[in-house]
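**Student:** Quick note on numbering: the sequence shown equals residues 0 to 354 in numbering that gives the first Met the number 0. In this text, a Cβ means the ideal position worked out from N, Cα and C, and glycines have one as well. It should be emphasised that the depicted structure is a prediction, and the values quoted were computed from it without experimental measurement. Got a structure for you, written out below as structure tokens; questions coming shortly.
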Amino acid sequence: MSDDPRRDASLRYLYAISPEDHARVPAYAALAIALSESAVAIDLLCAVRPEQQNAMLIFAGLHDVALSGHPVLSPLYEDLRAGRGAAPQEFAQRVIEVLEADPHLLDGHIDRSTQTNEVNRSATLQAILRVLGREGVRDLNLIDVGTSAGLNLYPDLLHVRSEDDGQPLTLVSTSLAGPWPEGPLPHIRARVGLDPHPLEINNETDLRWLRACLWPEDGRRRERADAVVAHVPSWPERTILTGTATDALEEALRLVDSSVPTLVQHTWVAAYFSPDDQRAFYELMMDLTATRPVYWAYLEWPRSVPGLLPPPAHEPPPRPGASQIVVTRPGEPPRSWGWSHSHGHWISFDPALTA
Ligand SMILES: C[S@@+](CC[C@H](N)C(=O)[O-])C[C@H]1O[C@@H](n2cnc3c(N)ncnc32)[C@H](O)[C@@H]1O
Numbered sequence: 000m001s002d003d004p005r006r007d008a009s010l011r012y013l014y015a016i017s018p019e020d021h022a023r024v025p026a027y028a029a030l031a032i033a034l035s036e037s038a039v040a041i042d043l044l045c046a047v048r049p050e051q052q053n054a055m056l057i058f059a060g061l062h063d064v065a066l067s068g069h070p071v072l073s074p075l076y077e078d079l080r081a082g083r084g085a086a087p088q089e090f091a092q093r094v095i096e097v098l099e100a101d102p103h104l105l106d107g108h109i110d111r112s113t114q115t116n117e118v119n120r121s122a123t124l125q126a127i128l129r130v131l132g133r134e135g136v137r138d139l140n141l142i143d144v145g146t147s148a149g150l151n152l153y154p155d156l157l158h159v160r161s162e163d164d165g166q167p168l169t170l171v172s173t174s175l176a177g178p179w180p181e182g183p184l185p186h187i188r189a190r191v192g193l194d195p196h197p198l199e200i201n202n203e204t205d206l207r208w209l210r211a212c213l214w215p216e217d218g219r220r221r222e223r224a225d226a227v228v229a230h231v232p233s234w235p236e237r238t239i240l241t242g243t244a245t246d247a248l249e250e251a252l253r254l255v256d257s258s259v260p261t262l263v264q265h266t267w268v269a270a271y272f273s274p275d276d277q278r279a280f281y282e283l284m285m286d287l288t289a290t291r292p293v294y295w296a297y298l299e300w301p302r303s304v305p306g307l308l309p310p311p312a313h314e315p316p317p318r319p320g321a322s323q324i325v326v327t328r329p330g331e332p333p334r335s336w337g338w339s340h341s342h343g344h345w346i347s348f349d350p351a352l353t354a
């Protein structure tokens, strides 16, 4: 962060799509550049409350307007989803034209939260569970902090493959360092999610926001999210609480089976806490893991979570924008287990964990 909020906002747009994803979502990559150069878009991001000043909120707002039937954006995004879209620069230019013609277009969105529920992150969460399974953890409760629609409460039920087999419930991830972690999956006794604004999968507006937070060019993400949403009613019961990480965690712990350990997990969540809340959450987790059979695992971009005091990693991130995988076992300090693509497309575990 510099002393120039407008420059910061511009850079947030510019770096919103990591370089390795540019080829996969070229229109969104072009939109990121166009937004970074638009004074109206910069004003918009500057008007968002500090914890949510994430370019993805504006991407999602524009996508949501398109999904709501906007006369220009709706067909533009529909074509992009269908793979017959305008060339990337043309797509970006047309979106910017709409935004600049109506600077109030996203007035209803800038108070919302980025709630991207990325199911493919469950590939990394499953890898963590397999390591714990190998260490002898047979039964476990799962608490997902910042759960959004709760789609990452089933890391044990999804298939992880290194090549996409096209099945809706398949997660795709490869290991960049050593073999994929092996081990039996613990039996999940209870599943609890918490979020200050949980998305209801039976609510049409919430479901639209869930889809708006995904990238229209990446149809596989939406297909996966839709498939998990469709399976939730037939999968093991879950409970979703409304509350923040620091307010609702004790209640979540009261709901789970206290005779077995609990894994508290969060993925791309703590970046949205204020610095004070990050620190308070860290203290809470340090106390819980020191005094109870609680594991704490997170996937977060370390630069955005200084208050969690991310431990040193065994190697630098193999690619920019990676999430650090940090796991705290009960009674032990937090340890870096490695790195993961922000949407779970690859992991790079500390080889000692997979040997
Ligand atoms: C980018 S989404 C990630 C959702 C999900 N963890 C995933 O990886 O798919 C961030 C989520 O964190 C939630 N969140 C924001 N502030 C929070 C807080 N103080 N405590 C708990 N969750 C929070 C948001 O409501 C949102 O659903």
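Three or more C-beta pairs under 8 Å: does that hold for the stretch 204-220 against the stretch 255-264?
**Tutor:** With the cut-off at 8 Å, the stretch 204-220 and the stretch 255-264 do not touch.
**Student:** Locate the beta strand (DSSP E) running through GLN51, then write down its first and last residues.
**Tutor:** Position 52 of the sequence shown holds residue 51. Per DSSP, GLN51 belongs to no beta strand (DSSP E) and is neither H nor E.
**Student:** Rounded to whole angstroms, what's the CA-CA distance from HIS69 to TRP336? Just pull it up for me.
**Tutor:** What you label residue 69 is simply residue 70 of the sequence shown in a count that begins at 1. What you label residue 336 is simply residue 337 of the sequence shown in a count that begins at 1. One C-alpha to the other measures close to 45 Å.
**Student:** Using a 10 Å radius around the Cβ and a threshold of 16 neighbouring Cβ atoms, would you call ALA59 buried or exposed?
**Tutor:** Residue 59 sits at position 60 when you count from the first residue of the sequence shown. By the neighbour-count rule (16 or more Cβ atoms within 10 Å), ALA59 is buried.
**Student:** Let me make sure I understand the geometry here. Which of ARG220, GLU249, GLU199 has the alpha-carbon closest to that of VAL231?
**Tutor:** Stepping through the sequence shown from its first residue, residue 231 is reached at position 232. Checked all of ARG220, GLU249, GLU199; the closest Cα to VAL231 is GLU199.
**Student:** Is it true that the CB of ARG120 sits closer than 8 Å to the CB of LEU283?
**Tutor:** Reading the sequence shown from its first residue, position 284 is the one you call residue 283. Reading the sequence shown from its first residue, position 121 is the one you call residue 120. It is not a contact, given that the beta carbons lie outside the stated cut-off.
**Student:** Assuming ARG93 and GLN52 make a contact with CB atoms under 8 Å, what is their CB distance in whole Å?
**Tutor:** Indexing the sequence shown from 1 puts residue 93 at position 94. Indexing the sequence shown from 1 puts residue 52 at position 53. 25 Å between Cβ atoms; not a contact.
**Student:** At the level of alpha carbons, what is the spacing between PRO74 and ASP275?
**Tutor:** If you number the sequence shown from 1, residue 74 lands on position 75. If you number the sequence shown from 1, residue 275 lands on position 276. If I take the Cα positions, the gap works out to 43 Å.
**Student:** Please list the terminal residues of the continuous beta strand (DSSP E) segment that includes LEU16.
**Tutor:** As a first step, residue 16 is located in the sequence shown; it is residue number 17 there, counting from the start. In the sequence under discussion, the amino acid at residue 16 is Ile, which differs from the Leu named in the question. Taken as a continuous stretch (DSSP letters only), ILE16 belongs to no beta strand (DSSP E), as it is neither H nor E.
**Student:** What residue does the beta strand (DSSP E) around PHE348 start on, and which one ends it?
**Tutor:** Taking the sequence shown and counting its residues from 1, one reaches residue 348 at position 349. Unbroken beta strand (DSSP E) run through PHE348: 345-348.
**Student:** What does a CB cutoff of less than 6 Å around PRO292 pick up in its chain, not counting 5 residues either side in sequence?
**Tutor:** In the sequence shown, residue 292 corresponds to position 293, counting from 1. Around PRO292: PRO260, PRO329.
**Student:** Using the beta-carbon count (16 or more within 10 Å), is HIS186 buried or exposed?
**Tutor:** Numbered from its first residue, the sequence shown carries residue 186 at position 187. So HIS186 counts as exposed.
**Student:** For the beta strand (DSSP E) that contains GLN264, what are its first and last residues?
**Tutor:** Residue 264 sits at position 265 when you count from the first residue of the sequence shown. Counting along the chain, the beta strand (DSSP E) containing GLN264 begins and ends at 261-266.
**Student:** So is GLN166 buried or exposed if we call it buried at 16+ other beta carbons inside 10 Å?
**Tutor:** Sequence index remark: in the sequence shown, residue 166 carries index 167 (1-based). GLN166 comes out exposed.
**Student:** Could you check if ASP194 belongs to the surroundings of ligand 1, using beta carbon to heavy atom distance under 7 Å?
**Tutor:** If you number the sequence shown from 1, residue 194 lands on position 195. At least one heavy atom of ligand 1 is nearer than 7 Å to the Cβ of ASP194, so yes.
**Student:** So within the stretch 53-114, which uninterrupted beta strand (DSSP E) runs reach at least 3 residues, ignoring any that extend past its ends?
**Tutor:** Listed in chain order, there is nothing to give.
**Student:** Let me check understanding here. Comparing Cα to Cα, which of LEU308, GLU162, LEU98, VAL191 lies closest to LEU236?
**Tutor:** Reading the sequence shown from its first residue, position 237 is the one you call residue 236. Note on identity: in this sequence residue 236 is Glu, with Leu being the wrong assignment. Nearest C-alpha to GLU236: VAL191.
**Student:** To the nearest angstrom, report how far apart VAL326 and PRO316 are at their CA atoms.
**Tutor:** Stepping through the sequence shown from its first residue, residue 326 is reached at position 327. Stepping through the sequence shown from its first residue, residue 316 is reached at position 317. Their backbone Cα atoms lie some 16 Å apart in a straight line.
**Student:** Do three or more CB pairs link the stretch 112-127 to the stretch 78-98 at distances below 8 Å?
**Tutor:** These segments do not touch.
**Student:** Give the DSSP-derived three-state secondary structure of GLU299 in the structure shown.
**Tutor:** Mapped onto the sequence shown, residue 299 falls at position 300. DSSP places GLU299 in strand when its eight states are reduced to three.
**Student:** Would you identify the three-state DSSP class for TRP179, choosing helix, strand or coil?
**Tutor:** Along the sequence shown, one-based indexing puts residue 179 at 180. Three-state DSSP puts TRP179 in coil, outside helix and strand.
**Student:** Go ahead and label GLY380 buried or exposed: buried means 16 or more other beta carbons lie within 10 angstroms of its beta carbon, across all protein chains shown.
**Tutor:** Not covered by the structure: residue 380. The range shown for the chain is 0 to 354.
**Student:** When every heavy atom of ligand 1 is checked, does at least one fall within less than 7 Å of the C-beta of TYR153?
**Tutor:** Residue numbering aside, residue 153 sits at position 154 when the sequence shown is read from its first letter. TYR153 Cβ: outside cutoff for every heavy atom of ligand 1.
**Student:** Looking only at its own chain, which residues have a Cβ that is under 8 Å from the Cβ of TRP300, when we skip the five neighbours before and after it?
**Tutor:** What you label residue 300 is simply residue 301 of the sequence shown in a count that begins at 1. Only TRP267, ALA270, GLY320, ALA321, SER322, GLN323, SER341 meet the Cβ criterion.
**Student:** So SER339 is in the beta strand (DSSP E); what residue range does that whole segment cover?
**Tutor:** Translated into the one-based positions of the sequence shown, residue 339 becomes position 340. Here the beta strand (DSSP E) through SER339 covers 334-339.
**Student:** Leaving out five residues before and five after THR245 in sequence, what residues of the same chain have Cβ atoms less than 7 Å from its Cβ?
**Tutor:** Working through the sequence shown from its first residue, we reach residue 245 at position 246. For THR245, where only same-chain residues beyond five positions count, the Cβ hits under 7 Å are ASP276, ALA279, PHE280, LEU283.
**Student:** Less than 7 Å separating the Cβ of ASP276 from some heavy atom of ligand 2?
**Tutor:** Of the ligands one can find in the structure shown, namely ligand 1, none is ligand 2.
**Student:** Say the cut is 7 Å; is the CB of VAL71 nearer than that to a heavy atom of ligand 1?
**Tutor:** To locate residue 71, count along the sequence shown from 1; it is residue 72. It does not: the Cβ of VAL71 is nowhere closer than 7 Å to a heavy atom of ligand 1.
**Student:** Can you list, in chain order, the residues of its chain with a C-beta nearer than 8 Å to that of ALA28? Leave out the 5 residues immediately preceding and following it.
**Tutor:** Taking the sequence shown and counting its residues from 1, the one referred to as residue 28 is at position 29. Closer than 8 Å at Cβ, skipping near neighbours: ILE16, ASP20, HIS21, PRO87.
**Student:** Work out the CA separation of VAL159 and ASP143 for me, nearest whole Å.
**Tutor:** If you number the sequence shown from 1, residue 143 lands on position 144. If you number the sequence shown from 1, residue 159 lands on position 160. Roughly 20 Å between the two C-alpha positions.
**Student:** Where does VAL304 fall in DSSP's three states?
**Tutor:** For the purposes of this step, residue 304 is taken as residue 305 along the sequence shown, with counting starting at 1. Of the three classes helix, strand and coil, the one that applies to VAL304 here is coil, per DSSP.
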